[in-house]
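First residue of the sequence shown: 113, per the numbering used here; consecutive thereafter.
Heads up, the thing below is written out as structure tokens.
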Amino acid sequence: MALSGNASAQAEKPAPVKPTIVLVHGAFADASSWNGVVKILEKDGYPVVAAANPLRGVANDAAYVADVLSSIGSPVVLVGHSYGGSVISEAANDNANVKALVYVAAFAPEAGETATGLAGKFPGSTLGPTLAPPVPLSGGGKDLYIQQDKFRDQFAADVPDAEAKLMAATQRPITEAALNESQTAPAWKKIPALFIYGDKDRNIPPQAFAFMAARAHSRETVVVEGASHVVMVSNPEPVARLIERAAAVQ
């Protein structure tokens, strides 16, 4: 039986193009921290870019991520982990293609706030005593690392020990200045934001995440029971599913 004109047109109509998911890691991690999430997203047909966040400073890093966004030229869901939340909040400001922001155990600062200030706004962070002695940089400033023998308990308590040891050895340092650099105009004030975090986070107090999500009028907030700061490593499935729901936000 031949299709009618309308039925034929519907059959030939291409499927909607899925937005590109741009993932921005935070301090003491690298782009491989998104591997589990990337596998799920790609299996579901999403184009994915896991950017290499320089971790040098909010303005500097946001400019780099903004350049990555400009190279895509299609709708984007921008995702940040930890300090990466500060970066995406700034990087998305001048890019009309960013349709949603997803904060994964991430900072969502108001103008004038810093990552350090937000982490200390509520009790619970135990990061300070686990940091190694700062590494002086020849050009000025200092790099920060987590002591390797304290890395798993502090950063990745729900990650298998062997994997956590690899993460500790390959951690990317962040400058001390980056964590104390003030946010300018936060993009979450004009772009829909969604949040996910673990209730056993030792880097950033869960109470701080709840505060930031409420302030940003989060479209959806997911709390993963028992999850550490690297919730995307230990629990990639709920993180990927929230990102996919963000992709459907109108």
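For each residue, glycine too, the CB sits at the ideal point set by N, CA and C.
Separation of residue j from residue i, as counted between CA atoms
i, j, result
"M344", "A290", "22 Å"
"M113", "Y176", "In this prediction, M113 has a pLDDT of 42, which is less than 50 and means its spatial position is unreliable; nothing more can be read from the coordinates."
"E332", "L181", "24 Å"
"E349", "A359", "15 Å"
"E222", "R353", "27 Å"
"G169", "T287", "7 Å"
"I355", "G229", "27 Å"
"D261", "L249", "23 Å"
"S145", "L278", "11 Å"
"K211", "A305", "9 Å"
"P159", "Y195", "23 Å"
"A208", "D313", "33 Å"
"Q362", "P128", "14 Å"
"A325", "S183", "29 Å"
"V351", "V149", "7 Å"
"S237", "F263", "14 Å"
"D206", "G251", "30 Å"
"P187", "I303", "13 Å"
"G232", "A320", "9 Å"
"A280", "S330", "32 Å"
"P272", "K254", "30 Å"
"D156", "A274", "29 Å"
"G117", "G185", "Any reading at G117 must be qualified, since the residue scores a pLDDT of 49, below 50, and its modelled position is unreliable; no value is offered."
"Y315", "V334", "The amino acid at residue 315 is misidentified as Tyr; the sequence shows Asn. Computed Cα separation, rounded: 18 Å."
"L243", "A171", "24 Å"
Integer-rounded CB distance, given that residue j should sit under 8 Å from residue i
i, j, result
"V342", "I308", "Contact flag wrong, Cβ pair sits at about 12 Å."
"W300", "A328", "4 Å"
"R284", "F140", "7 Å"
"P235", "P318", "About 11 Å separates the two Cβ atoms, so there is no contact after all."
"A339", "D311", "7 Å"
"A203", "A178", "5 Å"
Closest by C-alpha distance to residue i, when choosing among the options
i, options, result
"T282", "I258, K302, K151 and I303", "I258"
"F267", "I152, P241, L249 and P245", "P241"
"S346", "N147, A174 and P304", "N147"
"D265", "L256, P246, L249 and L239", "L239"
"D173", "I200, S237, R314 and A231", "I200"
"G138", "K151, L167, I152 and L153", "L167"
"V214", "A203, G197, N205 and E202", "G197"
DSSP bridge partner residues for residue i (one or two, in chain order)
i, result
"Y309", "V335"
"T287", "D255"
"A163", "V136"
"A212", "V189"
"P221", "Answer is none; P221 lacks a bridge partner."
"L243", "I258"
"P248", "K254"
- Touching or not, the segment 132-140 and the segment 190-201, by the rule of three or more beta carbon pairs under 8 Å? yes
- Item | Contact the segment 217-226 vs the segment 161-168: 3+ CB pairs below 8 Å | Judged by Cβ distances under 8 Å, the segment 217-226 makes no contact with the segment 161-168, as fewer than three pairs qualify.
- Message: Within 8 Å, do at least three Cβ pairs link the segment 222-234 to the segment 283-298?
- Response: A contact exists between the segment 283-298 and the segment 222-234.
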